[in-house]
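Whatever position you read off the sequence shown (first residue = 1), add 38 for the working numbering. What follows is a single structure, written as structure tokens, with notes after it.
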Amino acid sequence: MNDITQFTGNIGTELLRTFVTLVDTRSFTRTAGRLGISQPTVSGHVKRLQDHLQIELFDRSVPGVRLTQQGEIVASYARQILSVHDELFDRIERGKSETIRVRIGVPYELRCSSIVPALAACRAQDPDLHFDIHRDISGNLLRQLHQGNLDVCIAVTTFEPETKTISHWREPMYWVSSRQFPLTAESPVPVIAHAAGSVSRDIMVSALRDAGIDFRVILSAEHVSGVVAAVEEGLGYSVLKKSQIGGDLYEVPGDVGLPSLREAHWGVYLANDGKSDSMADLAKALGQVVMRNSPRRR
């Protein structure tokens, strides 16, 4: 019989691996050396595979190692089988490390660099921790947390947190300008805005509108680094928290006529189904590192 479709037995992967290696090297000697087995073993594996399939894999009418038509078919499937086999064992081996992947939400108002010390400290205690950082406005981050798409979330709001936080503090916001490029009095007031929908932008815009002050948005930036850079170049005023004022930035004095600003409520939130004690420790560490440089009020 030479119909390969009639075969219903089981084939060991060691036979397939020897066969594929022989096809690639076209040499029994090189195959034996590559697999660390003897040449008689290579010949034995090929014979057993042919006996299993009840076909001839190699064309004996020509010199060297040349596949028959059915041998070509077997080689194609053998490669696929070995690929899936090796991938399975690779995935199982990687899974033995019990990796804990933590999805962390960070608002645009906060530089990611400010939380890296907390991540490093936690991973030093638990090397199985891996991190994915997601950036967005706080409202979206909290929504993602409640929907199960984040594990830990740092968020800023204009009100007391409605859900339980690992850490919570209130922080004043300040008008800032550039020392190098001082602004002259003009109307409308030029401002640099944080991301649309962000709390920092809402605090700034609502303060100006409530005071009846005309303003124009010269530049809008998602990330706080963009806001800082624009203010440093003298493009306009903006609002920042105390720890972000430095370098060429300074706090605008009250006699300039800009309105007072509401406080921001910062919090670190943990998903209800926190995966481990390590995750709770991480949430606490994030709160500590963010609060460390903040003039906070409980």
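Here a beta-carbon is modelled for each residue, glycine too, at the ideal position from N, C-alpha and C.
Check the DSSP bridge columns for residue i and list the partner residues they point to.
| i | result |
| --- | --- |
| residue 184 | None, per the DSSP bridge assignment. |
| residue 306 | 192 and 205 |
| residue 288 | 215 |
| residue 115 | Bridge partners of residue 115: none, in fact. |
| residue 96 | 105 |
| residue 253 | 227 |
Which of the three DSSP states, helix, strand or coil, is assigned to residue i?
| i | result |
| --- | --- |
| residue 90 | helix |
| residue 42 | Here the model assigns residue 42 a pLDDT of 45, short of 50, so the residue's position is not dependable, and the following value carries that caveat. It is helical. |
| residue 244 | helix |
| residue 280 | helix |
| residue 333 | Any reading at residue 333 must be qualified, since the residue scores a pLDDT of 49, below 50, and its modelled position is unreliable; the value itself is stated next. Residue 333: coil per DSSP, three-state reduction. |
| residue 230 | strand |
| residue 258 | strand |
| residue 320 | helix |
| residue 105 | strand |
By a C-beta neighbour count over all protein chains shown, 10 Å radius and 16 as the cutoff for buried, is residue i buried or exposed?
| i | result |
| --- | --- |
| residue 230 | buried |
| residue 174 | buried |
| residue 218 | exposed |
| residue 74 | exposed |
| residue 253 | buried |
| residue 248 | exposed |
| residue 276 | buried |
| residue 282 | buried |
| residue 114 | exposed |
| residue 192 | buried |
| residue 112 | buried |
| residue 328 | buried |
| residue 121 | exposed |
| residue 110 | exposed |
Do residue i and residue j have their CB atoms nearer than 7 Å?
| i | j | result |
| --- | --- | --- |
| residue 268 | residue 278 | no |
| residue 180 | residue 241 | no |
| residue 306 | residue 204 | yes |
| residue 58 | residue 116 | yes |
| residue 176 | residue 154 | no |
| residue 12 | residue 265 | The structure shown does not extend to residue 12, since the chain is modelled only from 39 to 336, so the question has no answer here. |
| residue 140 | residue 189 | yes |
| residue 262 | residue 215 | no |
| residue 137 | residue 168 | yes |
| residue 56 | residue 90 | no |
| residue 183 | residue 323 | no |
| residue 274 | residue 220 | no |
| residue 87 | residue 53 | yes |
| residue 320 | residue 150 | no |
| residue 51 | residue 123 | yes |
| residue 108 | residue 93 | yes |
| residue 244 | residue 146 | no |
| residue 304 | residue 198 | no |
| residue 318 | residue 211 | no |
| residue 100 | residue 64 | no |
Looking at residue i and the ligand GTP, is the gap between the Cβ and the nearest heavy atom below 6 Å?
| i | result |
| --- | --- |
| residue 197 | You won't find the ligand GTP in this model; it holds no ligand whatsoever. |
Between residue i and chain D, is there a C-beta pair that is closer than 7 Å?
| i | result |
| --- | --- |
| residue 233 | Judged by its chain identifiers, the structure shown contains no chain D, having just a single protein chain. |
Which full runs of the alpha helix (DSSP H) of 4+ residues lie inside the region 41–78, going along the chain? 51–63 and 66–73
Sequence ranges, alpha helix (DSSP H) only - wholly within the region 138–222, length at least 4: 154–163 and 176–184
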